[in-house]
Amino acid sequence: DDFAKFLTNQDFKSSKHTFGGANITESISNKTDLIGYVIYSKSDNELENQTINTYTGNGADLIENRVSKNNPNNQFIISKLGIENTQKNGAKFKLTSILKKSDNTSINSVNTNYNAATKLIETNVNATNLDFKQNLEWYKSITDNQTLSLLVNYQYAKGNSLVNWNTNNYQF
Numbered sequence: 243d244d245f246a247k248f249l250t251n252q253d254f255k256s257s258k259h260t261f262g263g264a265n266i267t268e269s270i271s272n273k274t275d276l277i278g279y280v281i282y283s284k285s286d287n288e289l290e291n292q293t294i295n296t297y298t299g300n301g302a303d304l305i306e307n308r309v310s311k312n313n314p315n316n317q318f319i320i321s322k323l324g325i326e327n328t329q330k331n332g333a334k335f336k337l338t339s340i341l342k343k344s345d346n347t348s349i350n351s352v353n354t355n356y357n358a359a360t361k362l363i364e365t366n367v368n369a370t371n372l373d374f375k376q377n378l379e380w381y382k383s384i385t386d387n388q389t390l391s392l393l394v395n396y397q398y399a400k401g402n403s404l405v406n407w408n409t410n411n412y413q414f
């Protein structure tokens with residue numbers, strides 16, 4: 243799987259990771275609670291792999307020198323904040339907001355040299371996502387068997403992905 247591949251990867255030139263989190267659970271009053279958390283993660287990596295391949299056949303050897311580079315950088319934040327309140331008349335009110343944001347960039351390049359020719363293929367990836375949800379809930383018991391409920395949900399999502407391929411070989 244991807245995690246095992248990450249652990250056994252021998253191609254790292256550099257790797258920097260930042261991680262943080264916070265949590266809050268606070269009773270503002272005997273009827274109102276504030277609950278929330280935030281998690282942040284950022285990783286900047288630089289990978290490089292160099293190989294020399296020799297191809298034999300037809301009486302001549304072809305020697306290929308290949309350099310593969312990858313620079314993935316990922317950042318995300320997720321946060322949730324909620325307030326819960328029990329009113330004097332027994333009604334319950336709950337407001338919850340959730341925010342998720344991520345930015346992922348990667349520059350991948352493969353540079354191949356053989357027979358005095360240089361071929362370069364570069365891929366630039368930039369993906370950003372934003373997701374915001376808000377939930378409002380209200381409950382009021384009328385009798386032991388009847389409850390009035392009001393639920394309001396709002397969601398906003400926006401995602402952009404841009405992939406750009408570049409090459410010095412215009413035969414593609």
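Okay, so the sequence shown: first residue is 243 according to my numbering, each after it adds one.
Glycine included, every Cβ here is placed at the ideal spot set by N, Cα and C.
Local Cβ density within 10 Å of residue i, reported as buried at 16 or more and exposed below that
| i | result |
| --- | --- |
| ASN287 | buried |
Which residues DSSP lists as bridging residue i, in chain order
| i | result |
| --- | --- |
| ALA264 | VAL280 |
| GLY299 | ALA302 |
| GLY324 | ILE277, THR338 |
| GLN388 | According to DSSP, which records beta bridges pairwise, GLN388 is partnered with nothing at all. |
| ASP286 | LYS258, ASN315 |
| ILE270 | Paired residue(s): none; ILE270 is not in a bridge. |
| GLN376 | SER339, TYR396 |
| GLY401 | ASN371 |
Nearest-angstrom Cβ-Cβ length linking residue i and residue j, presumed shorter than 8 Å
| i | j | result |
| --- | --- | --- |
| GLU290 | TYR356 | Their Cβ separation, rounded to whole angstroms, is 19 Å, which puts GLU290 and TYR356 out of contact at 8 Å. |
| THR354 | ASN402 | With 8 Å as the limit, THR354 and ASN402 do not qualify as a contact, their Cβ atoms being about 31 Å apart. |
| ASN312 | ASN350 | 5 Å |
| THR338 | LYS322 | 7 Å |
Residue i versus residue j: straight-line alpha-carbon distance, rounded
| i | j | result |
| --- | --- | --- |
| SER383 | GLY332 | 7 Å |
| PHE414 | THR365 | Here the model assigns PHE414 a pLDDT of 48, short of 50, so the residue's position is not dependable and the matter cannot be decided. |
| SER344 | ASN387 | 45 Å |
| LEU392 | LYS334 | 10 Å |
| ASN261 | TYR279 | Residue 261 is actually Phe in this sequence, not Asn. Spanning the two alpha carbons is a distance of roughly 14 Å. |
| THR298 | THR360 | 20 Å |
| VAL394 | LYS375 | 11 Å |
Below-8 Å beta-carbon distance, residue i vs any chain D residue
| i | result |
| --- | --- |
| GLY324 | This model lacks chain D altogether; it includes just one protein chain. |
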